[in-house]
Every structure is written in C-alpha cells, then in structure tokens.
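Encoded as structure tokens, the structure appears first; notes follow it.
There are 2 protein chains.
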Amino acid sequence: MQKTMIPPDHITQIGKAFRASKALFSAVELGVFTALASGPRDLAALQAEIGIAERGARDFFDSLVALKLLQRDEDERYRNTPESDHYLDREKPTYIGGELDHFNKRGYPHWHSLTTALKTGKPQSLAKAGNYFSDVYSDVSVLETYTEGMTSGARLAAPGIIAHFPWNRYRTFIDVGTSQGGLPVEIARAYPHLTGGGFDLPPVRPRFERYVERNGFFDRLRFHAGDFLSDPLPEAEVLIIGRVLHNWDLNTKRMLLKKAYNSLPARGALIVYERMIDDQRKATVSSLLASLNMLIMTEGGFDYTAADLINWMTEAGFRDLHIESLTSELSMAVGIK
Amino acid sequence: MQKTMIPPDHITQIGKAFRASKALFSAVELGVFTALASGPRDLAALQAEIGIAERGARDFFDSLVALKLLQRDEDERYRNTPESDHYLDREKPTYIGGELDHFNKRGYPHWHSLTTALKTGKPQSLAKAGNYFSDVYSDVSVLETYTEGMTSGARLAAPGIIAHFPWNRYRTFIDVGTSQGGLPVEIARAYPHLTGGGFDLPPVRPRFERYVERNGFFDRLRFHAGDFLSDPLPEAEVLIIGRVLHNWDLNTKRMLLKKAYNSLPARGALIVYERMIDDQRKATVSSLLASLNMLIMTEGGFDYTAADLINWMTEAGFRDLHIESLTSELSMAVGIK
Chain A
1466 MQKTMIPPDH ITQIGKAFRA SKALFSAVEL GVFTALASGP RDLAALQAEI
1516 GIAERGARDF FDSLVALKLL QRDEDERYRN TPESDHYLDR EKPTYIGGEL
1566 DHFNKRGYPH WHSLTTALKT GKPQSLAKAG NYFSDVYSDV SVLETYTEGM
1616 TSGARLAAPG IIAHFPWNRY RTFIDVGTSQ GGLPVEIARA YPHLTGGGFD
1666 LPPVRPRFER YVERNGFFDR LRFHAGDFLS DPLPEAEVLI IGRVLHNWDL
1716 NTKRMLLKKA YNSLPARGAL IVYERMIDDQ RKATVSSLLA SLNMLIMTEG
1766 GFDYTAADLI NWMTEAGFRD LHIESLTSEL SMAVGIK
Chain B
1466 MQKTMIPPDH ITQIGKAFRA SKALFSAVEL GVFTALASGP RDLAALQAEI
1516 GIAERGARDF FDSLVALKLL QRDEDERYRN TPESDHYLDR EKPTYIGGEL
1566 DHFNKRGYPH WHSLTTALKT GKPQSLAKAG NYFSDVYSDV SVLETYTEGM
1616 TSGARLAAPG IIAHFPWNRY RTFIDVGTSQ GGLPVEIARA YPHLTGGGFD
1666 LPPVRPRFER YVERNGFFDR LRFHAGDFLS DPLPEAEVLI IGRVLHNWDL
1716 NTKRMLLKKA YNSLPARGAL IVYERMIDDQ RKATVSSLLA SLNMLIMTEG
1766 GFDYTAADLI NWMTEAGFRD LHIESLTSEL SMAVGIK
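Respectively, the protein sequence lines represent chains A and B.
Positions 1466 to 1802 (the working numbering) are the ones given, in order, by the first sequence.
Positions 1466 to 1802 (the working numbering) are the ones given, in order, by the second sequence.
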C-alpha cells in the first residue's frame, strides 16, 4: 500500500477552522490584545493579567502565536502583531473586536443549526418567533453586542467610502441603519464641511448619541428615529445603505432602494455597500457564507452580486451607476438620482 | 484620512472560519459528496437528492465551490473535487467524514465554552461530571460518532505507519485504544504475514468485530477487552499507541509508556503517533489547538512536542528512538525495548 497521493490537508484544515475562530474570540473576550498593547508580557504575567488558569494558558497563547495573532520572541515574551495591535486593542478607534464578539455570542451558536436551516429554509435565530430585528433591539444585552459589532464592521468599510466618493460635491448625508453611527463619525472626521447623521430604530438613539458625543461630533451628526420598513427616510444629499439590504427579501430590497430614490433630491447620491458575491458565484467565500448567515438569522435575507444590485438600482431609477472595491471583501455601488 | 495600510483580512478570515467548518460539516451530514460520487448534478437535482429547501440551496453549494470542496462547471453542474471524492464519499474506504461528524456533533458545541475552560482550567464536556471516556463509552449514539471519528483519524495515519516502519521484521501487533480497528485493518491489508488486533474498553467489542469482519480480517485481527488504566496490555511484538497519550495527564502518559515497555518482549517495538507540537511551539496550529481541545474535553490531557515524547519514552526504558513524519500534521515516534 502506498502513501496516498491526495493530501487531505485542505479538508482537515477547514474541518478544524472553528477552533481557530474560537481561540481568537476568547482572546478578544479576555482582553489579551488590549493587555499586550501596553507592552510585552511573559507567560505568567499575561496569564495573571487576563485571569485564566495555569492549565491551558501556555497552549492558548502559543496557539495565538501559531495563528500569527501574537508573536513570541526569544526572550519568551508575548507581544501583539501589528495587525492585532491596530484592530484588537479595545482602546484604539480602529478596534474591530466588537464584530468578533458578535460572531462569538450570536453567530457561532446559531451556526450550529445550519443543517436544520438548510433542510427547512427557515431561520434558526430569534427570527423563528418573529421579526429578527425587533427582537434583537428589544434586549439590551443583545443590542449592545449587536451595535458594537456593527460599529466594527463600519470601521472596516469607512476608509474606502471616505477615499472613493466625491464628498466635496455634497454637504449632507444620512447613514440608513446606522447603529451606533460608526460610519458617520468616520466620515465627519474626514470631511469637516459635512453634516448629517444616522437613521435607525428608536432603541438605538442613546447608543448613537453616546458614541457620537464621545467622538466629538454631536454638533454635526444627529440621530433620526424610525423604521425603514414603514417610515420615510430623512432627507439628505447622500444616503448610505450599508450591510442592510442583505438582511431582507427581494421585495424589501427593492422597496428600500425605491424609498431611497424618492427621498433624495435631484442629483442626490445613494451609496450601497455590502460584501458582494462575485458575479460567477465561485470565488467570494466570505460573501457566500454571509448569505448562509442570512438564512440562519433572518426570514428572507440573502447576499447578492454587484450585477444584481446594479439591476435593482436601475429599476429604482438611479443612473451613472458604478461599483468600487472598498476592502478585499467589501464593495460599494454608487448611483445618482 | 487615508485608507489604512494594515489589512484586517488575516483577523477577519480567522473570525469567520467557523462558518466554513459548519458548511463542510453540513455537507458531510447531508451526504452531498456521497451523492456526487456517482456523477455531477445540477442545482435542482442535488437539492432534491440531499433533501434541503430551495431557499439556501444555491448559496450552500456555491459556498462549497468557493471553499474548493466542490467544482461547478460551465454546464452549471456540481461535481466533487478529487479530494472530496477520495475522502468524503461515505462508500469509499478512504472516507474521513466520521471525524468531521465527530467535530460537528461534539467538538463544535463544546468549543463554545473555551473561555470558561481557560478561566477554570476544567473540562467543559461530559468530563465535568466524571471520567470523559467512561461517559462517552456508555452512550451508544455518542460512542457511534466517537468510534467512527477515530476510524477516520486512523485512516489518515495508516499510509505513513505502513510505509515507514519495518513491518517485515515482526509478526504480531496490537493497537492500544483501537476503537473500531481502523488502523489494524489497514496494516493487515498491507502486510498479509501479520496477525494482531486491538485493545479497548469492553463496549467497543461489537463495533470492532463488525468493522473487522466487514473488511475481511476476522481471522487475523482479534479484539482484546480491557482498561489500560488498570489492566495489563496484551502481548505482541509491536504495540501502537496513537492519539491516546494526549488525552491524559503527565503521570498517566508515563504510566502507559512504562506499561507498554513491560508488556513488550525483548527487541519489541513501540509506535506512538500523535499530532505533535513543534519543538519551538510556534508553528503547528493544529496540534496546539488540539491541546486546547484536550483542555475542553478531558480532565488532564494535553498535547506535546516530539522532544517531550522522546524524553518520556527514554525514561520508560526505550532505546533507538526516532521520529517519522506521517502527514503534514501527524508524526510517529518508534522505540525499541
């Protein structure tokens, strides 16, 4: 019998990848990267500082080293990688651990029901018993994790949206489904001539106002309370709808795009950003799995390709449509009324 | 504000990797690869055959394409990759989906408690209420998943153990902690001059005997019932202890190696195979995470480096020690009495 010529590594690596996710989630939850942002620590000091038992500590930190989320030097002290320090230190404005917390607390346990979701075609989240978002928004601790997670996601999109849209041509903007206002704050920081704000369900108001005030933009960014399923959108020269459309079924997607068109003034702009699926539906792992996440979490949501979005925006009346890449995962479509 | 120069991709990919694991697990559970082993299918046919709802079907199969676990051709039909066909078709003797089922049913939900395991240093599995293995072995459905999983693991190790050990010098062997006998069957298939069998707890007997008989080796492979914590090991010229030592604390590891030494005849050989941690403890993601798995699952288990193992085997009396790589993850140590 010969040693097989087909290596199983690709399969076994995917099969064990969930362990890597959880090691990262626990490290964020326990504050490993925040602790190390102030300087390197040896095993005993790091273990004591984040409050874990001796038994698993060395394996845990060395797993993070092997995953290239930490470094361990010849002096046997652990330190952050440049990426970990930038994105996973809670004290930095570039922190994206909120999204990882959201994945940890909600995504991971709900994904255990993927097979049931596939068999039934029905969500396995709170949406089983009603509307996903009204349930998320009615529980303070769930809302906390959710809005922090959305802010982390907005931070990833912000640099590209700031760089690749002609903000100098406009004076006002509203972020629809803004959560804490993560994106408006970054836009306001980059362009002092802009005013605007965010639109979201009423329970989000105190979280938005606290976040915006803490960042020093309370004079330029306002919260507009409402439900985009039933209420009109606020008026502004630029509307942004980001990581929102994928939560909804096709009719609701179209209704929201039409509602945005109707709210905008002539020559106003709509920005839609999302993890779009490649047009061949063969390459974008993250977007296709995000669509399965919508199956598990929502009643009718799904992700889509840039071609799909261009079609729907054209149907709604938008012209001069184009797509810009924001990150390796996120893209935005821009359309003009 | 400039577009950030530090890409977040490495972090966000690890953070979402659990979704990829679950997509693979559901595909194995639903029999996607087994269905496609008989030929390509279009979306509707594959969806009907594995019995899932329309809503998530296309995203699910296209996710598997993006993950390079399936291919989709220009005729829009899905087919297995060479790897998926070899390892994930239930009807093939090279099937390793049992290990993925084991990860899905037991590993994934238990890993949700990683933070608690780290804080307390205590297992979060059945072992919370007693000995992990006596509990696993007392529940038929758990034992079923467990033994199938172990067989898949043994299949990955078998080609290397067959190729890199001088089996022609020996006549008898026993696999300690054999489960269904996955490894003895492959060794017996490769070397017709060998006889031997496997040693495991009594509830495993019918599963071992059924598996060995189905593979046609009932005349050459026997089951030996016992508990290696309290009973002596069966006699044979070669003993194998594979993916066993990592389940136990240091004293038990040493006791088992000494017990193996005492059971062997002069010039007998011990093979220990495991996912060993690299000596620098910086590179082997899979082994370090396997050690955290032992934290979550067992009372005292941990994974170890080849240098650790060589030390313990030397202490037990073995000589002529050497290490051989079996796969990208698994290695074996061989020692002579």
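The C-beta atom is built at its ideal place from N, Cα and C for all residues, glycine as well.
Given the structure is predicted, the values throughout are model-derived calculations rather than measurements.
| Check | Outcome |
| --- | --- |
| Reference residue 1539/A; option with closest CA among 1796/B, 1798/B, 1745/B and 1769/B | 1745/B |
| Closer than 7 angstroms at the beta carbon, the chain B residues around residue 1530/A | 1747 |
| Own chain partners of residue 1541/A with C-beta closer than 8 angstroms, once the 5 adjacent residues on each side are dropped | 1507 and 1508 |
| DSSP state of residue 1689/A mapped onto helix, strand, coil | strand |
| Three-state class that DSSP yields for residue 1775/A in the structure shown | helix |
| Endpoints, alpha helix (DSSP H) assigned at residue 1489/A | 1474-1495 |
| Unbroken stretches of the beta strand (DSSP E), 3 residues or longer, contained in the stretch 1723-1770 of chain B | 1734-1739 |
| Within 7 angstroms, strictly: CB atoms of residue 1567/A and residue 1610/A | yes |
| Proximity test, Cβ basis, 7 angstroms: residue 1551/B and chain A | yes |
| Assumed close pair residue 1765/B, residue 1713/B - CB separation to whole angstroms, cut-off 8 angstroms | 6 angstroms |
| DSSP three-state assignment for residue 1471/B, whether helix, strand or coil | coil |
| Alpha carbon of residue 1728/A to alpha carbon of residue 1787/A, nearest angstrom | 20 angstroms |
| Residue of 1784/A, 1783/A and 1798/A minimising C-alpha distance to residue 1790/A | 1798/A |
| Contact set between the stretch 1574-1586 of chain B and chain A, restricted to residues whose Cβ is under 7 angstroms from the partner | 1574, 1576, 1577, 1579, 1580, 1582, 1583, 1584, 1585 and 1586 |
| CB of residue 1589/B within 7 angstroms of CB of residue 1471/B, strictly | no |
| Cα-Cα separation, residue 1498/A to residue 1553/A | 6 angstroms |
| Contacts that residue 1521/B makes with chain A (C-beta to C-beta distance below 7 angstroms) | 1582, 1583, 1586, 1757 and 1760 |
| Cα-Cα separation between residue 1680/A and residue 1650/A, rounded to whole angstroms | 7 angstroms |
| Chain-ordered chain A contacts of residue 1619/B [CB-CB under 7 angstroms] | Result: empty, since nearest Cβ-Cβ is about 13 angstroms, beyond 7 angstroms. |
| Beta-carbon proximity list for residue 1749/B, same chain, < 8 angstroms, skipping 5 on both sides | 1740, 1741, 1742, 1743 and 1794 |
| Nearest residue (CA-CA) to residue 1544/B, options 1557/B, 1556/B, 1530/B and 1555/B | 1530/B |
| C-beta contact flag for residue 1754/B and residue 1528/A at 7 angstroms | yes |
| is_contact[residue 1547/B, chain A] using C-beta, thresh 7 angstroms | yes |
| Distance, residue 1646/B Cα to residue 1518/A Cα | 37 angstroms |
| Nearest to residue 1513/A (by Cα), restricted to the options 1500/A, 1524/A and 1782/A | 1500/A |
| Range covered by the alpha helix (DSSP H) that runs through residue 1677/B | 1670-1679 |
| Cα-Cα separation, residue 1607/A to residue 1601/A | 6 angstroms |
| Residue-level contact to chain A via CB, residue 1540/B, 7 angstroms cutoff | no |
| Sheet register partners of residue 1788/A (DSSP bridge) | 1798/A |
| Neighbour flag for residue 1784/A against chain B, beta carbons, 7 angstroms | no |
| Within 7 angstroms, strictly: CB atoms of residue 1417/A and residue 1734/A | The question about residue 1417/A has no answer, for chain A in this structure spans 1466 to 1802. |
| 8 angstroms contact criterion, which residue 1711/A and residue 1783/A should meet: CB distance rounded | Contact doesn't hold; Cβ gap of about 18 angstroms is too wide. |
| C-beta neighbour in chain B for residue 1706/A, strict 7 angstroms | no |
| CB contact flag (residue 1653/A, residue 1670/A, <7 angstroms) | no |
| Close beta carbons around residue 1582/B, own chain, < 6 angstroms, minus the five adjacent residues each side | 1589, 1760 and 1761 |
| Where the beta strand (DSSP E) through residue 1665/A begins and ends | 1660-1665 |
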